[in-house]
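My numbering puts the first residue of the sequence shown at 41, with every later residue one more than the last. Virtual Cβ for every residue (Gly too), placed ideally from N, Cα, C. The model shown is predicted, which means the values in this text are computed figures rather than measured ones. Here the structure is laid out as structure tokens; the discussion comes afterwards.
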Amino acid sequence: MSHHKAIYPGSFDPPTLGHLDVLERACRLFDEVVVAVGRNPDKKGPLLELDLRISLLEDLVADLVSRHPDLAKVTVASYDGLTVDYARSIGANAIIRGIRNTTDLQSECQLAITNRQVADIESVFVVPGEAYAYTSSSLIRQIAELGGDPQRLSSMLPLPVIKALSEADLDRGDSS
């Protein structure tokens, strides 16, 4: 019997309830999932440092698994370089991607076809629950960087992430 291992890559900056929803759904499809925290070269400096994101994700995954012990094995790791190279290096069969809307689908399809041609790895699209269809790390980053109250994001963020954002020394766009 074959072992189906997938990676769920992203910057997870910050980790959201939408990320956790996609992860939980993906864990019902695979035997093992690696939450792979990478660096997105299209994004400016991180909102939360890599070590903090990994720590938050490890705690959030432990909580998820404790509430749903029937889920696949889940680990959290960081990586540098191309996602497909990392996936191959750990023996993953697939890359998990969350799809919220048709805009996501268009860009993700192009990436999935390229990944299949370049690395012979499949992409699996997972649609989050409707409560998270509009949750976006980029939007949350913008709100946090412009001084928005993280407590107001409780419908999008887990409590440990809200706490981390509240305690973080964020560049709030001040030019003084």
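Counting every other CB atom within 10 Å of its CB across the protein chains shown gives residue 89 a total below 16, marking it as exposed. Under the 10 Å beta carbon count, residue 186 is surrounded by fewer than 16 other beta carbons and is classified as exposed. Counting along the chain, residue 172 sits inside no beta strand (DSSP E), nor does DSSP assign it H or E at all. Nearest to residue 63 by alpha-carbon distance, out of 191, 115 and 82, is 115.
DSSP places residue 198 in the coil class of the three-state scheme, outside both helix and strand.
Contact between the stretch 153–173 and the stretch 129–142 is present: 3 or more CB-CB pairs across the two stretches fall below 8 angstroms. Out of 49, 58, 50 and 42, the CA that lies nearest to the CA of residue 170 is found in 58. Of 69, 129 and 104, the smallest CA-CA separation from residue 43 is found for 69.
Residues of the same chain with a CB within less than 8 angstroms of the CB of residue 111, apart from the 5 flanking positions on each side, are 64, 67, 68, 104 and 105 in chain order. Restricting attention to 46, 199, 183 and 180, the CA atom closest to the CA of residue 71 is found in 46.
A direct Cα-Cα distance of roughly 6 angstroms separates residue 56 from residue 196. Shortest Cα-Cα distance from residue 78 to any of 86, 50 and 60 involves 50. For the options 95, 53, 96 and 102, the alpha carbon positioned closest to that of residue 80 is the one of 53. Taking a contact as a CB-CB distance under 8 angstroms, the pair residue 75 and residue 97 counts as one, their CB atoms being some 6 angstroms apart.
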